[in-house]
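In this text, residue positions in the sequence shown follow the working numbering: the first is 35, and each later residue adds one.
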Amino acid sequence: MPNTIRPLVAGNWKMHGLAHSLSELALIAQGSEQHKHCIDTLICPPATLLAAASNQSAGTCLAIGAQDCSSEPYGAYTGDISAAMVADSGARAVIVGHSERRQGRSETDADVLRKSQRVLEAGLQAIICIGETESEMLEGRTESVLLRQLKDSIPANGPCSSLVIAYEPVWAIGTGRTPTIEAIAGLHGFIRGYLVSAFGRDGAAVRILYGGSVKVDNAAEIACVDHVNGALVGGASLKSEDFLGILKAFGSIH
Ligand code: 13P
Numbered sequence: 035m036p037n038t039i040r041p042l043v044a045g046n047w048k049m050h051g052l053a054h055s056l057s058e059l060a061l062i063a064q065g066s067e068q069h070k071h072c073i074d075t076l077i078c079p080p081a082t083l084l085a086a087a088s089n090q091s092a093g094t095c096l097a098i099g100a101q102d103c104s105s106e107p108y109g110a111y112t113g114d115i116s117a118a119m120v121a122d123s124g125a126r127a128v129i130v131g132h133s134e135r136r137q138g139r140s141e142t143d144a145d146v147l148r149k150s151q152r153v154l155e156a157g158l159q160a161i162i163c164i165g166e167t168e169s170e171m172l173e174g175r176t177e178s179v180l181l182r183q184l185k186d187s188i189p190a191n192g193p194c195s196s197l198v199i200a201y202e203p204v205w206a207i208g209t210g211r212t213p214t215i216e217a218i219a220g221l222h223g224f225i226r227g228y229l230v231s232a233f234g235r236d237g238a239a240v241r242i243l244y245g246g247s248v249k250v251d252n253a254a255e256i257a258c259v260d261h262v263n264g265a266l267v268g269g270a271s272l273k274s275e276d277f278l279g280i281l282k283a284f285g286s287i288h
């Protein structure tokens, strides 16, 4: 099913963004309007801005998401934020299993699975990140790593309509390096094959985003690749001009 799926272009602000950044978000919401007929747009600001960003974006085509949540539904977990709290803030999605948490915070596939389950229980979209490290890639283990992450991080019962997979090669994040277009095509096809084998027809409709050094300059080329159904953008989502340029590139294809 090459590129018949409505794309999602999502921004991950990581640990960037203060109250004054809401003005940048307003520009993104405004600029997204002209692409709303063909693209879904999401920004994941830091947790401190979730409620304000959701309020500000209400009634626009820009959705707001969180960057992480707890694997527990509630309880004595000082400093953690539950999926229900994210939903209560007005946000609609949560990124889970980002490599900065898998590697930087030692999160396992089992942790990511539990977080994904909490996200789905809260009625939110789970954007489940997978991706190989540079050494895994050099050792030729990319597909086996992705397969393990797919099998062990995605809730077996879906529902697929609330799932998004983000393929982010760890070595491409924040480095300005990207896999070749052929490699992206091959790996997105591989991920699609797994989703169809695990979920049948529903798996054929799950969006697979590419993430890792997506910029205005390379977005159009990436957007054309089969089974690339959007992007997860880090650095280039912080400035409305850059992010809207990426939206435009996806819009020109779809
Ligand atoms: P960059 O776009 O800055 O490489 O970050 C990608 C990313 O980690 C998005 O989640």
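Every residue, glycine too, gets a C-beta built ideally from N, C-alpha and C.
Exclusion of the five residues before and after Ile-225 leaves Ile-164, Leu-180, Leu-184, Ile-199, Tyr-201, Ile-242 and His-261 as the residues of its chain whose Cβ lies within less than 8 angstroms of its Cβ.
For Ile-215, no beta strand (DSSP E) segment is defined; the enclosing uninterrupted segment is the alpha helix (DSSP H) at 215 to 233.
DSSP places Leu-84 within a helical segment (H, G or I) once states are collapsed to three.
With a contact defined as Cβ atoms closer than 8 angstroms, Val-130 and Ala-160 qualify at about 6 angstroms.
Taken in chain order, the complete alpha helix (DSSP H) segments of 4 residues or longer contained in the region 108 to 149 are 117 to 122 and 133 to 136. Residue environment analysis places Arg-211 among the exposed positions, since fewer than 16 neighbouring C-beta atoms fall within 10 angstroms of its C-beta. Distance from the Cα of Val-250 is smallest, within the candidate group Leu-221, Gly-223, Ala-238 and Phe-284, for Phe-284. Comparing alpha carbon positions, the residue from Asn-263, Val-248 and Cys-258 closest to Leu-278 is Val-248. Annotated three-state conformation of Ala-200 is strand, per DSSP.
When DSSP states are grouped into helix, strand and coil, Ile-280 belongs to the helix group. Going by C-alpha positions, Ala-117 is about 8 angstroms away from Lys-149. The Cβ atoms of Leu-76 and Ala-144 lie no closer than 8 angstroms to each other. Under the rule that a run must span 3 or more residues, the beta strand (DSSP E) segments found entirely inside the region 36 to 95 read 42 to 46 and 74 to 78. In the three-state reduction of the DSSP assignment, Gly-237 falls in the helix class, which pools H, G and I. Here the alpha carbon of Met-171 sits roughly 28 angstroms from the alpha carbon of Ile-39. In the DSSP annotation of this structure, the continuous segment of the alpha helix (DSSP H) that includes Leu-172 starts and ends at 168 to 172. Note that the region 264 to 272 touches the region 44 to 56; at least 3 beta-carbon pairs, one per stretch, sit closer than 8 angstroms.
The distance from the Cβ of Ser-104 to that of Arg-152 is about 7 angstroms, consistent with a contact at the 8 angstroms cut-off. DSSP, read as helix, strand or coil, puts Ile-161 in strand. If the five residues before and after Gly-237 are omitted, its C-beta is found closer than 7 angstroms to the C-beta atoms of Cys-194, Leu-229 and Val-230, all from its own chain and listed in chain order. The nearest non-hydrogen atom of ligand 1 is less than 7 angstroms from the C-beta of Val-248.
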